[in-house]
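Residue numbers (the numbering used here), protein chains in the order written: chain B, 4 to 236; chain C, 4 to 236; chain A, 4 to 236.
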């Protein structure tokens with residue numbers, strides 16, 4: 004049983020609203036956790052998202068296996084989820100486009116990560132939907148790949164993503180935080196963010212970066228202000 | 004002799020004005036045709052183009068072969084063409100820049116695809132010229148590569164592009180459609196587009212994606228509304 | 004001792020203010036010099052920079068080597084420098100982010116090149132800071148790599164960058180020009196720029212590209228207008 008105090012889902016999401024992936028990743032580093040999804044890029048400039056992972060996994064089909072309908076898994080995805088869809092790394096056909104984008108927005112899904120290619124990027128940008136993928140390409144997944152499973156653990160860029168992981172995505176990429184660690188990661192990330200703001204302010208006041216980092220304990224940026232003061236007293 | 008009814012060039016281009024590469028690619032899939040140019044990306048956000056391919060092929064030169072002038076093939080390119088220029092995949096020198104962009108706009112050339120690198124991207128963006136390439140780099144092609152041939156078939160990302168192919172390029176990439184299939188591909192793509200809009204509208208009306216796709220025959224989205232009604236009656 | 008007349012630093016920077024990397028690279032080609040940094044991309048659309056290289060080199064650390072503070076080299080970087088930081092090509096952790104961006108702007112550093120990954124791209128874009136890198140990723144360099152040396156020669160994309168090299172970076176990428184050649188490269192680049200503008204104007208006046216390039220000696224675009232006139236007379 005974890006000793007970490009869990010905060011509820013909505014509070015976790017609200018707490019991440021202004022946290023970037025950089026601070027969250029630094030917090031995970033401080034706990035020895037791995038969260039970054041290497042090679043997945045923001046496709047809509049400025050569009051970030053936060054939510055719990057609904058995972059989807061595709062597999063290749065043999066040519067001549069007959070027609071396969073497109074997957075309708077999105078009917079089962081709850082509001083505020085982040086869809087994490089692995090075609091595992093395949094960029095020569097696409098598993099996301101305008102229909103899914105419209106449905107996702109209608110269902111208030113928070114955003115989508117595609118380990119593969121996405122299409123209809125102009126539409127996605129016009130609608131401002133937070134889409135993250137490895138590539139852009141127009142060739143359909145239909146009859147090239149098929150849905151293998153939903154709500155199973157995935158490996159993206161070498162990092163594990165499990166159903167229900169807290170996902171945060173922005174201009175620096177996407178991270179996955181296991182639920183059991185999410186409260187503590189978010190708490191530490193807020194301290195990291197505060198430490199970074201303090202350092203920037205101190206440099207603005209004339210300190211060197213070395214002085215500012217020493218003053219604000221950049222060696223342990225996840226410490227709360229109180230813990231830093233205790234350490235100094 | 005093809006049984007497909009050919010429509011004329013201007014009508015084909017006009018018919019593609021509001022078609023995206025996604026719908027055209029799905030129409031090609033339904034006919035067993037391959038059109039996507041893998042790895043070629045839109046360089047000017049929002050800039051799409053439609054036209055018939057004028058193909059250009061470069062080859063490497065040996066160091067010390069003496070000076071070679073830049074190629075002037077663009078003098079022969081007709082208005083409304085899409086230049087498709089292969090340096091085949093080489094991204095360490097550039098075969099497109101500001102001079103060619105200015106000339107292309109002056110000649111009302113529709114757009115350019117570079118299987119290689121392009122430069123002067125700021126200028127190209129400022130002028131809003133539809134440029135698609137594999138990379139961006141400033142080092143000139145002069146004395147590194149030379150014009151090998153124009154108006155010959157090319158292979159780009161594994162897909163054949165022949166002179167006169169109908170090219171459509173947008174945020175999802177570039178596709179090449181052989182002239183003999185173009186009328187039928189465009190006809191089917193309009194049906195695909197209509198099917199997709201119907202699905203989006205039905206989901207907006209409260210249907211699940213599964214229901215909407217079944218209702219609008221997403222298993223055969225290229226069927227006309229009339230053919231779908233005949234199948235239901 | 005070089006026979007080239009050196010102009011002073013501020014004059015060199017001012018002379019590059021409106022020169023793009025394409026013209027400078029063509030000038031370097033005419034002198035047999037290599038300057039392009041292959042694979043380094045502009046991260047902030049429209050943001051270019053000019054300055055003298057301050058070089059930084061990172062190296063990997065062994066896991067379990069204990070905590071290492073982030074590097075504070077930026078305290079020593081002079082105003083108007085371009086930071087050229089090599090993590091050599093490694094894109095799975097980042098050596099640039101929001102703190103360094105704020106410090107760099109405060110110190111009037113001209114821009115930054117990262118041969119590796121950078122993070123906090125939304126912030127960097129909002130601040131309009133000229134950042135160039137191989138990738139975007141959020142995972143910190145702390146405890147993954149450490150500062151190895153500053154102000155040593157680097158190899159980026161196969162091209163040498165030495166401390167004090169004149170760096171120019173724009174939408175086509177980044178180039179490094181050795182100080183001993185900088186005056187002559189800049190002089191020739193202005194002639195290239197003039198030649199290109201003359202060609203564009205002549206095509207606008209109705210000449211073919213072939214005619215315009217012949218008229219304005221595109222075989223030797225780095226010649227001054229006077230040298231071209233002497234050659235014609």
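Note that beta-carbon positions come from the ideal geometry of N, C-alpha and C, so glycine has one too. Values in this document were obtained by computation on a predicted structure and should not be read as measured data.
List the residues that DSSP assigns as beta-bridge partners of residue i.
| i | result |
| --- | --- |
| residue 94 of chain B | DSSP, once it has assigned bridges, lists no residue as partnering residue 94 of chain B. |
| residue 147 of chain B | In the DSSP output, where bridge partners are listed per residue, residue 147 of chain B has none listed. |
| residue 45 of chain A | A:135 |
| residue 86 of chain B | B:57, B:115 |
| residue 153 of chain C | C:59 |
| residue 159 of chain C | C:162 |
| residue 173 of chain B | B:176 |
Quick check on this structure: which residue in the options has the alpha carbon closest to the alpha carbon of residue i?
| i | options | result |
| --- | --- | --- |
| residue 161 of chain B | B:91, B:57, B:73 | B:91 |
| residue 89 of chain C | C:60, C:73, C:166, C:107 | C:60 |
| residue 113 of chain A | A:55, A:227, A:224, A:213 | A:55 |
| residue 30 of chain C | C:233, C:216, C:196 | C:196 |
| residue 132 of chain A | A:165, A:140, A:167, A:83 | A:83 |
| residue 188 of chain A | A:156, A:226, A:204, A:157 | A:226 |
| residue 41 of chain C | C:228, C:234, C:135, C:201 | C:135 |
| residue 81 of chain C | C:109, C:63, C:145, C:186 | C:109 |
| residue 190 of chain A | A:222, A:228, A:165 | A:228 |
| residue 75 of chain A | B:204, B:156, B:64, B:221 | B:221 |
Buried or exposed: which applies to residue i, given that a residue is buried once 16 or more other Cβ atoms fall within 10 Å of its Cβ?
| i | result |
| --- | --- |
| residue 183 of chain B | exposed |
| residue 111 of chain C | exposed |
| residue 192 of chain C | buried |
| residue 8 of chain B | Note that residue 8 of chain B scores 43 on pLDDT, short of 50, meaning its location in the model is unreliable; the coordinates nonetheless yield the value given after this. Flag for residue 8 of chain B reads exposed. |
| residue 98 of chain C | buried |
| residue 198 of chain C | buried |
| residue 93 of chain C | buried |
| residue 207 of chain A | exposed |
| residue 224 of chain A | buried |
| residue 215 of chain C | buried |
| residue 126 of chain B | buried |
| residue 39 of chain A | buried |
| residue 11 of chain A | exposed |
Please decide whether residue i counts as near chain A, where near means a Cβ-Cβ distance under 9 Å.
| i | result |
| --- | --- |
| residue 27 of chain B | yes |
| residue 215 of chain C | no |
| residue 41 of chain B | yes |
| residue 112 of chain C | no |
| residue 77 of chain C | yes |
Are residue i and residue j touching if we call contact CB-CB under 9 Å?
| i | j | result |
| --- | --- | --- |
| residue 163 of chain B | residue 43 of chain B | no |
| residue 33 of chain B | residue 25 of chain C | no |
| residue 130 of chain A | residue 115 of chain A | no |
| residue 46 of chain C | residue 159 of chain C | no |
| residue 171 of chain A | residue 79 of chain A | no |
| residue 19 of chain B | residue 169 of chain B | yes |
| residue 87 of chain B | residue 118 of chain B | yes |
| residue 73 of chain C | residue 95 of chain C | no |
| residue 174 of chain A | residue 48 of chain A | yes |
| residue 106 of chain A | residue 218 of chain B | no |
| residue 58 of chain C | residue 154 of chain C | yes |
| residue 100 of chain C | residue 122 of chain C | yes |
| residue 178 of chain C | residue 15 of chain C | no |
| residue 62 of chain A | residue 151 of chain A | yes |
| residue 165 of chain C | residue 181 of chain C | yes |
Looking at the C-beta of residue i, does it have a partner C-beta in chain C at a distance below 9 Å?
| i | result |
| --- | --- |
| residue 142 of chain B | yes |
| residue 139 of chain B | yes |
| residue 191 of chain A | no |
| residue 49 of chain A | yes |
| residue 145 of chain B | yes |
| residue 128 of chain B | yes |
| residue 162 of chain B | no |
| residue 230 of chain A | no |
Got a sec: is the Cβ-Cβ distance from residue i to anything in chain E below 9 Å?
| i | result |
| --- | --- |
| residue 72 of chain C | Of the chains in the structure shown, none is chain E; the protein chains are B, C and A. |
Of all the CB atoms in chain B, is at least one closer than 9 Å to the CB of residue i?
| i | result |
| --- | --- |
| residue 46 of chain C | no |
| residue 93 of chain A | no |
| residue 122 of chain A | yes |
| residue 102 of chain A | yes |
| residue 180 of chain C | no |
| residue 61 of chain C | no |
| residue 206 of chain C | yes |
Is any heavy atom in the ligand GDP found nearer than 8 Å to the beta carbon of residue i?
| i | result |
| --- | --- |
| residue 72 of chain A | With respect to the ligand GDP, the structure shown offers nothing to examine, as it has no ligands at all. |
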